[in-house]
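K.L.:
Residue numbers (full-length UniProt numbering), protein chains in the order written: chain S, 1 to 340; chain G, 1 to 340; chain P, 1 to 340; chain B, 1 to 340.
Number of protein chains: 4
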Amino acid sequence: MSIGILTSGGDCPGLNAVIRAAVFTGIKLHDMEFVGFRNGWKGVVDGDIMPLARPQVMGISKQGGTILGTSRTNPFEGGGAERVAEVMEQNGIEALIAIGGEGTLAAAKRLTDAGIKIVGVPKTIDNDLSATDYTFGFDTAVQIATDAMDRLRTTGDSHGRCMIAEVMGRHVGWIALHSGMAAGAHAILIPEQKTSIEQICEWAESARDRGRAPLIAVAEGFKLDTMDDAHSERGLDAFGRPRLGGIGDQLAPEIEARTGIETRSTTLGHIQRGGTPTAYDRVLATRYGMAAIDSIRAGHWGRMVALRGTQIVHVPFEDALGRLKVVPQSRYDEAAVLFG
Amino acid sequence: MSIGILTSGGDCPGLNAVIRAAVFTGIKLHDMEFVGFRNGWKGVVDGDIMPLARPQVMGISKQGGTILGTSRTNPFEGGGAERVAEVMEQNGIEALIAIGGEGTLAAAKRLTDAGIKIVGVPKTIDNDLSATDYTFGFDTAVQIATDAMDRLRTTGDSHGRCMIAEVMGRHVGWIALHSGMAAGAHAILIPEQKTSIEQICEWAESARDRGRAPLIAVAEGFKLDTMDDAHSERGLDAFGRPRLGGIGDQLAPEIEARTGIETRSTTLGHIQRGGTPTAYDRVLATRYGMAAIDSIRAGHWGRMVALRGTQIVHVPFEDALGRLKVVPQSRYDEAAVLFG
Amino acid sequence: MSIGILTSGGDCPGLNAVIRAAVFTGIKLHDMEFVGFRNGWKGVVDGDIMPLARPQVMGISKQGGTILGTSRTNPFEGGGAERVAEVMEQNGIEALIAIGGEGTLAAAKRLTDAGIKIVGVPKTIDNDLSATDYTFGFDTAVQIATDAMDRLRTTGDSHGRCMIAEVMGRHVGWIALHSGMAAGAHAILIPEQKTSIEQICEWAESARDRGRAPLIAVAEGFKLDTMDDAHSERGLDAFGRPRLGGIGDQLAPEIEARTGIETRSTTLGHIQRGGTPTAYDRVLATRYGMAAIDSIRAGHWGRMVALRGTQIVHVPFEDALGRLKVVPQSRYDEAAVLFG
Amino acid sequence: MSIGILTSGGDCPGLNAVIRAAVFTGIKLHDMEFVGFRNGWKGVVDGDIMPLARPQVMGISKQGGTILGTSRTNPFEGGGAERVAEVMEQNGIEALIAIGGEGTLAAAKRLTDAGIKIVGVPKTIDNDLSATDYTFGFDTAVQIATDAMDRLRTTGDSHGRCMIAEVMGRHVGWIALHSGMAAGAHAILIPEQKTSIEQICEWAESARDRGRAPLIAVAEGFKLDTMDDAHSERGLDAFGRPRLGGIGDQLAPEIEARTGIETRSTTLGHIQRGGTPTAYDRVLATRYGMAAIDSIRAGHWGRMVALRGTQIVHVPFEDALGRLKVVPQSRYDEAAVLFG
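#1: Counting along the chain, where does the beta strand (DSSP E) carrying methionine 50 of chain S start and finish?
#2: Do we get a CB-CB distance below 8 Å when we pair leucine 52 of chain G with the residues of chain S?
#3: I think threonine 155 of chain P touches arginine 273 of chain S, with their Cβ atoms under 8 Å apart; what is that distance to the nearest whole Å?
#4: Looking at chain B, which residues of the region 59-80 of chain G have a Cβ within less than 8 Å of any of its Cβ atoms?
#5: Compile a chain-ordered list of the residues in the region 270-292 of chain S whose CB is closer than 9 Å to at least one CB of chain G.
#6: How would you label asparagine 91 of chain P, buried or exposed, when you count the other beta carbons within 10 angstroms and need 16 or more for buried?
#7: Based on the DSSP output, what are the partners of cysteine 162 of chain B in its beta bridges?
#8: So threonine 66 of chain G packs on threonine 25 of chain G, CB below 8 Å; how close in whole Å?
#9: Note the first and the last residue of the continuous alpha helix (DSSP H) segment covering isoleucine 27 of chain G.
#10: Give me the Cβ distance between valine 315 of chain G and alanine 131 of chain G, rounded to the nearest whole Å; I'm assuming they're in contact under 8 Å.
#11: Assign histidine 186 of chain B to one of three DSSP states: helix, strand, or coil.
#12: Answer yes or no: do threonine 112 of chain S and isoleucine 118 of chain S have a C-beta to C-beta separation smaller than 8 Å?
#13: Note down the Cα distance separating valine 142 of chain S from isoleucine 271 of chain S, rounded to an integer number of angstroms.
#14: Counting only the same chain and skipping the five closest in sequence on each side, list residues whose C-beta sits under 6 Å from that of serine 196 of chain P.
#15: Give me the Cα-Cα distance between threonine 276 of chain B and alanine 21 of chain B, rounded to the nearest whole angstrom.
#16: From which residue to which residue does the alpha helix (DSSP H) around glycine 36 of chain S run?
#17: Say whether chain P places a C-beta atom closer than 8 Å to the C-beta of leucine 6 of chain S.
#18: If you measure from the beta carbon of leucine 152 of chain P to each beta carbon in chain S, is any gap under 8 Å?
#19: Whose C-beta lies closer than 6 Å to the C-beta of leucine 307 of chain P among residues of the same chain, with five residues either side of it excluded?
#20: Give the list of continuous beta strand (DSSP E) stretches no shorter than 3 residues that lie fully inside the region 47-115 of chain G.
#21: Count the other CB atoms, across all protein chains shown, that sit within 10 Å of the CB of glutamate 82 of chain S; report buried if there are 16 or more and exposed otherwise.
#22: Closest to glycine 211 of chain B by C-alpha separation, out of G:Gly14, G:Phe34 and G:Gly69, would be which residue?
#23: How about leucine 152 of chain B and isoleucine 99 of chain B: do their beta carbons lie closer than 8 Å?
#24: From the DSSP output, which residues share a beta bridge with histidine 314 of chain B?
#25: Exposed or buried, aspartate 31 of chain B, counting other C-beta atoms within 10 Å across all chains shown (16 or more means buried)?
#26: Check distances from the C-beta atoms of the region 14-27 of chain P to those of chain B and list, in chain order, the residues that come in under 9 Å.
#27: Cβ of alanine 187 of chain P less than 8 Å from any chain B Cβ?
#28: Shorter than 8 Å from the beta carbon of threonine 124 of chain S to some beta carbon of chain G?
#29: For leucine 105 of chain B, would you say it is in contact with chain P, using Cβ-to-Cβ distances shorter than 8 Å as the test?
#30: Since aspartate 150 of chain G and lysine 62 of chain S should fall inside the 8 Å C-beta cutoff, what is the C-beta to C-beta distance between them, to a whole number of angstroms?
#31: Return the residues of the region 234-245 of chain P that lie within a Cβ-Cβ distance of less than 8 Å from chain S, sorted by chain order.
#32: Would DSSP call threonine 7 of chain B helix, strand or coil?
#33: Using a Cβ-Cβ cut-off of less than 7 Å, list which residues of the region 112-145 of chain P approach chain B; keep chain order.
#34: Measuring only between beta-carbons, confirm whether leucine 324 of chain S sits less than 8 Å from chain G.
#35: Mapping DSSP to helix, strand and coil, what is alanine 217 of chain S?
#36: Hey, would you say isoleucine 247 of chain P sits closer than 8 Å to isoleucine 255 of chain P, going by beta carbons?
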């Protein structure tokens, strides 16, 4: 049986561990053969394939990124199910393992509905997929953000400054929540919870008054309570000024002006999604890769692997679609006890 | 309300994060007061207490070990429930938070039965407690062991050597299982699975034959299938020779003799349990500390906090006692697919 | 003999190791006593002192920042030599150890000329002081920047993107040079070497043409050959547009537009100067702290400690002043061999 | 011009960065061609070569070990100069770059004397070569040992234990000296300085008496003042007992017995020499690799590259031979100020 693998969407530490585990398991237990599609769905619709046997995947678990390359191409822009079926047939490929986020899974669902044999592996560095407790990449991102905040804190303490770390999270605040809690942040600002600038300044001042240099973790998608979508449409920032930089850069001068505490912001950016995955992510990704082969063996087309507690389970694509897994109120309230 | 906190048993990254979160939460939300008992149950029976307010716990989450000190003292050796009650009364302490492993929880259960108000926080670097998915310290240990194996692998590859990493795990193989899987080990040897030296050599030779330097993760409590308890009683090693060093040191010359592959063993030892906790462990420990305060508020005496999926729950002490959480056959079989 | 210690200017990993080593050595060998001035020269002119004995400095070597706090205050703004002498006399302080960069050493020189007993310890995260081979903090900054670029590279490779890392270095390019060389950057852009956008794009394209995702290390103070000081005076960026963000953010869209390679920039910012120092920096800082006590014993007022090869030497303040240690042409040419 | 490269002796982080830089520089600037000899001198005498062009060396700087493999084979055991010349001629190789330690350089000198064109790159993780300030690998080893001691310290503090870290250094104590100083060890025991068990216990007790958990860094080659070579010949340990384990394991029970302080030893072993090199080592190794090409261009046969201060220089092989660079008394005395 010949299987094609593709990785799609933003890169994420652990992708290579999924690929390696799937290939090793399929070859060893079931005599499967594998090819890789280059650059996500683009490689599928273009028929751009690369060999994928033991030599290609040896030792890659600890490597960040994906040896297959990735893109944000949607297969339905390039021919859809018909074209995918054609490329698969031309290359003797019976089934696909699609590793990707919500967009990929949505496309995979449509292809499954059209009769293509696909199993999915969820990928979201933001931890925003509903159907799984966690997926790989998130733990690495949280660890990198936490390490960065540990470093920022010593500078804050030495200079008596408020330090802001802007982390990933356009729509959900999981990375900010976990890294902020791990680093002992005095405020955690997430998209799910609009907050007033007055409240933020109160937290900063409270920390300062207890002799601490305030540390604030803010997700890139956070909005002040005074902001509406019109702001970003008009190119204005959180304070109605022409927008320069991200939310961290917008907050810093405002906090400084209101509290008199010198404030600096750092945007962690792409370093959060690259490089060697944590052991946690490598284990999870490896288990996902192996479970994807189980899915294929069982003919679980249209399902993706997922983590529930300590178990890997198989859930329909649609369970992961349609609604983001946001930070629930209870988790925010829990974290907020330690603010200020 | 005044609460006493103690940490007992081997140290573990995350203990300080539990203490900090409990103290902050109790003070901030419920006007509680805290004292620390020094060196585990020893401090309780000796009445050796230290102040525990915000200044003592500020910034300690990222610090390994425990600011309270720890010991393996059993409270029933030093007076039992009566003495514990006496010390609590003398110091105006109404309830205890006991952070420890199976021994501590067993003692805590007996004290609870005798009317002492105790809530527990599970601590096991080995991941061997039944009632919780994970507890803090384990993730850090796995990460350290994985990093070490990543390093050993490059030496193995350069010299064409078989490298053995002996990791913690006297009775259960969780650390070996996870770090070995993360590092791509060619064999993982755990106490739950007696294995023959022939099988181990076969895995090593299989890896060598594919051009790889074999990497073996072995838990300190692993036993060959030819070993029985009599071996260690008589001071003999796995091969009936006078025992020198741990199982890794015993395996190395035997593998080398049988396969002709130069073999070296490294015992990671205490570095696995100290130092800065991972972000994962800090988040979990912080949530445990906060949940312990909820337990007290709810009067959940005789219960410990535990992780189930992504939720913190409260379970009776006895659920964690009596049987170790061993590596199940299914998890071992899953990992074994990648051996050799 | 009573000694005052102060740390001045931007914080830097290793400051605490200097303080600890000086205090331990002075107390142990020479029966000295120490006090710390809070927040640099500000604490000196304000008479704001804190105790500095063994308990305050135990275990602080591995802590980033400075337990004394720091500021950019100039002592001549707050009363000058007279005021400094007065505060020293009031507190029974005979000599000062001033840990700081060029500004601090310049002030220290003027104070020495006015009769104040001062020895210096050079501090520059940028490696821009002439009289010493290296000083502490630089190695840590280079390591952090290198780790970040290792991470960025995997994202670049996965997406076929050009990744830009903007590192510290307003006036000199040492951090960019070393981290760029360590990370295998395809271009290193430093203030000492104005470069054309055409040349930068050529390097990026050359890397791309060999199948590599281009990685560019740029110091924050780098200027294109078309830029003059007038640009920044007028608030314009490298391309004559209203200035948004740093040089990395300015280069990214231009490289993308000219080469067609998707390009992303990350500004590492403050994470480069905080947190646990590398072992290299801890050793150097410790040796500096001990040597500063030798300076005092020898009455080497007006001198600072410095590294020459593997030796710690004592050089006059003026040797470190007046001219920045820039990246010499030969070191740039050496690095440039590996560009493209 | 065609060049052969070999790596010989124990592996060391940075070897790959040397290889990459030499190959890139030679190809780019001088149209050279390269081949690699597999497994050190063994590959030379066996004529076992591998291609070495850009694709083989891309991205390998950050990889530990050596892609060429290494061995401890001496070329004079396998045919000597005549055989080496023959293999070189058969493969059209005009000159060799030999990367190795004292043994390699000694062999290279004899081969040079016999007319073979060789330039050397010094490799010593122990920092024991006389003719260079430092070489690559040492900084990484010191960093790993320091990180390990940082971890051990938190366990020591929590349990009130004395922790011993046995680090590499059979003949010289540089790794122990630097890592011990970086980690704030209370005693550093090195081969160059025989010490009495009474003195070691005094340091441990002094630390304990100040409320510190004693931390001891010991080089594997350290000997007590009561030990002579006869001990190891007769298989006896430092205390005249049958020898089990290394010096750390021998000291631990003796310190515990004499001081009453529970004592644990950890032998770091092979993790000190593998894995990703520090940025410092990558920069130094890269500069060495490039300078080796300069040596070839200049016909500096019989010379090796070396670091003096911040400069790369070229020194005759014999300058590196004959005498180990031991820790001088002054550096030990400096460190010893902080003991106890």
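Glycine included, every Cβ here is placed at the ideal spot set by N, Cα and C. Here the structure is a predicted model, which is why all the values come from computation and not from measurement.
P.N.:
Short version:
#1: On the first sequence, residue 50 of chain S is found 50 positions in, with the first residue counted as 1. Its beta strand (DSSP E) spans residues 49-51.
#2: In the second sequence, counting from the first residue as 1, residue 52 of chain G sits at position 52. Residue-level contact check: leucine 52 of chain G does not touch chain S, since none of the beta carbons of chain S fall below 8 Å from its beta carbon.
#3: By 1-based counting over the third sequence, the position of residue 155 of chain P is 155. By 1-based counting over the first sequence, the position of residue 273 of chain S is 273. With 8 Å as the limit, threonine 155 of chain P and arginine 273 of chain S qualify as a contact, their Cβ atoms being about 6 Å apart.
#4: Listed by position, the residues of the region 59-80 of chain G near chain B (Cβ gap below 8 Å) are Gln63, Gly64, Gly65, Thr66, Gly69, Thr70 and Ser71.
#5: Legend: CB atoms of the region 270-292 of chain S lying less than 9 Å from CB atoms of chain G belong to residues Thr276, Pro277, Thr278, Ala279, Tyr280, Asp281, Arg282, Val283, Thr286, Arg287, Met290 and Ala291.
#6: Taking the first residue of the third sequence as 1, we reach residue 91 of chain P at position 91. Under this definition asparagine 91 of chain P is an exposed residue.
#7: Residue mapping note: residue 162 of chain B aligns to position 162 of the fourth sequence, counting from 1. The partner list for cysteine 162 of chain B (beta bridge, DSSP) reads B:Thr263.
#8: On the second sequence, residue 66 of chain G is found 66 positions in, with the first residue counted as 1. On the second sequence, residue 25 of chain G is found 25 positions in, with the first residue counted as 1. Incorrect: roughly 18 Å between the Cβ atoms, too far for contact.
#9: Your numbering for residue 27 of chain G matches position 27 in the second sequence. Unbroken alpha helix (DSSP H) run through isoleucine 27 of chain G: 15-30.
#10: On the second sequence, residue 315 of chain G is found 315 positions in, with the first residue counted as 1. On the second sequence, residue 131 of chain G is found 131 positions in, with the first residue counted as 1. The Cβ separation is near 5 Å, so the contact holds.
#11: By 1-based counting over the fourth sequence, the position of residue 186 of chain B is 186. In the structure shown, histidine 186 of chain B sits in coil (DSSP, three-state: anything other than H, G, I, E or B).
#12: As a first step, residue 112 of chain S is located in the first sequence; it is residue number 112 there, counting from the start. As a first step, residue 118 of chain S is located in the first sequence; it is residue number 118 there, counting from the start. Yes, Cβ-Cβ distance for threonine 112 of chain S and isoleucine 118 of chain S is below 8 Å.
#13: The count along the first sequence starts at 1 and reaches residue 142 of chain S at position 142. The count along the first sequence starts at 1 and reaches residue 271 of chain S at position 271. Using only the alpha carbons, I get a separation of about 11 Å.
#14: Within the third sequence, the letter at position 196 stands for residue 196 of chain P. Cβ neighbours of serine 196 of chain P beyond the five flanking positions: Asp225.
#15: Here residue 276 of chain B refers to the residue found at position 276 of the fourth sequence. Here residue 21 of chain B refers to the residue found at position 21 of the fourth sequence. Approximately 16 Å, taken between the alpha carbons.
#16: For the purposes of this step, residue 36 of chain S is taken as residue 36 along the first sequence, with counting starting at 1. Not the alpha helix (DSSP H): glycine 36 of chain S falls in the beta strand (DSSP E), residues 33-37.
#17: Taking the first residue of the first sequence as position 1, residue 6 of chain S is located at position 6. It does not: the Cβ of leucine 6 of chain S has no partner Cβ on chain P nearer than 8 Å.
#18: Start at 1 with the first residue of the third sequence, and residue 152 of chain P comes out as number 152. Chain S, which has a Cβ nearer than 8 Å to the Cβ of leucine 152 of chain P, makes this yes.
#19: Taking the first residue of the third sequence as position 1, residue 307 of chain P is located at position 307. Here the set comprises Thr132, Asp133 and Tyr134.
#20: 49-51 and 95-100
#21: For the purposes of this step, residue 82 of chain S is taken as the residue at position 82 of the first sequence. It counts as exposed.
#22: Your numbering for residue 211 of chain B matches position 211 in the fourth sequence. With distances taken between Cα atoms, glycine 211 of chain B lies closest to G:Gly69.
#23: The residue labelled residue 152 of chain B in the question sits at position 152 within the fourth sequence. The residue labelled residue 99 of chain B in the question sits at position 99 within the fourth sequence. For leucine 152 of chain B and isoleucine 99 of chain B, no; Cβs fall outside 8 Å.
#24: Taking the fourth sequence and counting its residues from 1, one reaches residue 314 of chain B at position 314. B:Val305, per the DSSP bridge assignment.
#25: Residue mapping note: residue 31 of chain B aligns to position 31 of the fourth sequence, counting from 1. When all chains shown are included, aspartate 31 of chain B counts as exposed.
#26: Ala17, Arg20, Ala21, Phe24 and Thr25
#27: Within the third sequence, numbered from 1, the residue matching residue 187 of chain P stands at position 187. Chain B contact via Cβ: absent.
#28: The count along the first sequence starts at 1 and reaches residue 124 of chain S at position 124. So, not an interface residue.
#29: One-based indexing of the fourth sequence puts residue 105 of chain B at position 105. No, leucine 105 of chain B does not count as interfacial toward chain P.
#30: Here residue 150 of chain G corresponds to residue number 150 of the second sequence, with the count starting at 1. Here residue 62 of chain S corresponds to residue number 62 of the first sequence, with the count starting at 1. Taking the Cβ atoms as the reference, aspartate 150 of chain G lies roughly 6 Å from lysine 62 of chain S, within the contact range of under 8 Å.
#31: Leu244 and Gly245
#32: Residue numbering aside, residue 7 of chain B sits at position 7 when the fourth sequence is read from its first letter. The answer is strand: DSSP assigns threonine 7 of chain B an E or B state.
#33: Hits within the stretch, in order: Asp133, Asp139, Val142 and Gln143.
#34: Sequence index remark: in the first sequence, residue 324 of chain S carries index 324 (1-based). So, not an interface residue.
#35: Here residue 217 of chain S refers to the residue found at position 217 when the first sequence is read from its first residue. Three-state result, alanine 217 of chain S: strand.
#36: The residue you call residue 247 of chain P lines up with position 247 of the third sequence. The residue you call residue 255 of chain P lines up with position 255 of the third sequence. No, the pair does not count as a contact, with Cβ atoms beyond the cut-off.
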